[in-house]
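>
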Amino acid sequence: MLIEQPPLLYRLLFPEAIWRLKRKGRRIVYLTFDDGPIPEVTPWVLDLLDSYGVKATFFLVGDNVSRNPELLEEIRRRGHSWGNHTMHHLQGMKVTSLRYMRDLTEADRLIDSPLFRPPHGLLRWSQAAAIKAHYNIIMYDLVTRDYSRKLSPEQVLDNVKRFARNGSIIVFHDSLKAEKNLRYALPRAIEWLKQQGYEFNALPMD
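With this note's numbering applied, the sequence shown covers 2 to 207.
Here it is as structure tokens:
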């Protein structure tokens with residue numbers, strides 16, 4: 002549970018970040034996809050979302066955008082929102098703040114979004130303070146762990162059923178590592194969430 006749903010103590014370490022968007026009187030969840038865009042997975046995700054009439058948010062790695070700029074355009078064209086996930090998927094705790102901010106800025110030239118999600122959800126406090134001045138830092142309320150080779154597709158789906166709640170920002174990955182679990186769990190998660198009365202919104206970009 003420490004991974005799937007970050008504990009309150011960890012959330013309090015980064016009060017400037019958005020972890021959940023609870024809306025009074027409505028049941029809404031926010032699907033997000035990290036680490037793309039890639040041609041092997043992202044178009045499938047986009048088509049699936051279209052088939053269910055769902056809008057989502059994609060946190061993009063700049064290096065992938067540089068190789069697949071048409072996929073960013075397709076994300077925009079289909080009415081989804083998007084955010085910065087650094088240029089090279091850097092983990093903030095493992096690099097200097099100077100290198101991290103340069104990497105983020107390099108990605109911003111390609112991605113051009115006010116939304117930012119740190120890879121692995123890890124940041125130094127100094128990095129968070131600097132980023133907050135220019136971006137909305139988007140964390141998460143539920144990590145499906147679709148990337149894990151230790152989890153079956155059924156277990157990934159069960160994470161959604163167990164931890165989703167009103168206002169949850171839910172993390173999937175449009176990546177090769179997650180593809181097997183994603184193709185099983187995503188459509189079933191959408192169907193289950195709809196059955197529970199949830200609406201789906203993209204994260205606002207204003």
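Every residue, glycine too, gets a C-beta built ideally from N, C-alpha and C. The model shown is predicted, which means the values in this text are computed figures rather than measured ones.
Which residues in the same chain have their Cβ closer than 6 Å to the Cβ of SER127, if we skip the five residues on either side of it in sequence?
SER98
> Which residues bound the alpha helix (DSSP H) around GLY210?
Not covered by the structure: residue 210. The range shown for the chain is 2 to 207.
> In terms of residue numbering, what span does the alpha helix (DSSP H) encompassing ASP159 cover?
First-last of the alpha helix (DSSP H) with ASP159: 154 to 164.
> How close, in whole Å, do the beta carbons of LEU91 and ILE132 come, if the pair is a contact with beta carbons under 8 Å?
About 12 Å separates the two Cβ atoms, so there is no contact after all.
> MET206: which of PRO7, THR58 and ARG12 sits nearest, CA to CA?
THR58
> Pick from LEU61, VAL66, GLU155 and ILE76: whose alpha carbon is nearest that of ASN85?
The shortest Cα separation from ASN85 among LEU61, VAL66, GLU155 and ILE76 belongs to LEU61.
> From the DSSP output, in three-state form, read off TRP243 for me.
With the chain covering 2 to 207 only, the question about residue 243 has no answer from this structure.
> Decide if ASP48 is buried, meaning its Cβ has at least 16 other Cβ atoms within 10 Å, or exposed.
exposed
> Could you check what DSSP says for SER98 in three-state terms: helix, strand or coil?
helix
> To test your reading of the DSSP string, which unbroken alpha helix (DSSP H) runs of 4 or more residues are found completely within the segment 117 to 154?
126 to 133
> Among MET88, ASP147 and ALA129, which one has its Cα closest to the Cα of MET94?
ALA129
> So for LEU49, helix, strand or coil by DSSP?
helix
> Would you verify that the beta carbon of SER176 is, or is not, closer than 8 Å to some beta carbon of chain C?
Annotation note: the requested chain C is absent from the structure, which comprises a single protein chain.
> Kindly indicate the opening and closing residues of the alpha helix (DSSP H) around TYR11.
9 to 14
> Ends of the beta strand (DSSP E) at ASN85?
Note, ASN85: beta strand (DSSP E), 82 to 85.
> If you draw a straight line from the alpha carbon of ASN202 to that of PRO8, how long is it in whole angstroms?
Going from the Cα of ASN202 to the Cα of PRO8 covers about 24 Å.
> Please tell me whether LEU116 and SER169 are closer than 8 Å, where the distance is taken between their beta carbons.
no
> Give me the DSSP bridge partner(s) of GLU200.
ILE29
> Near TYR199, which residues of its chain fall below 6 Å by C-beta distance, leaving aside the five closest residues on each side in sequence?
ARG28 and VAL30
> Where does ARG39 fall in DSSP's three states?
According to the sequence shown, residue 39 is Ile rather than Arg. Coil at ILE39, not helix or strand.
> Quick one: measure Cβ to Cβ for PRO120 and THR145, integer angstroms, because I've assumed they're closer than 8 Å.
PRO120 to THR145, Cβ: 16 Å. No contact.
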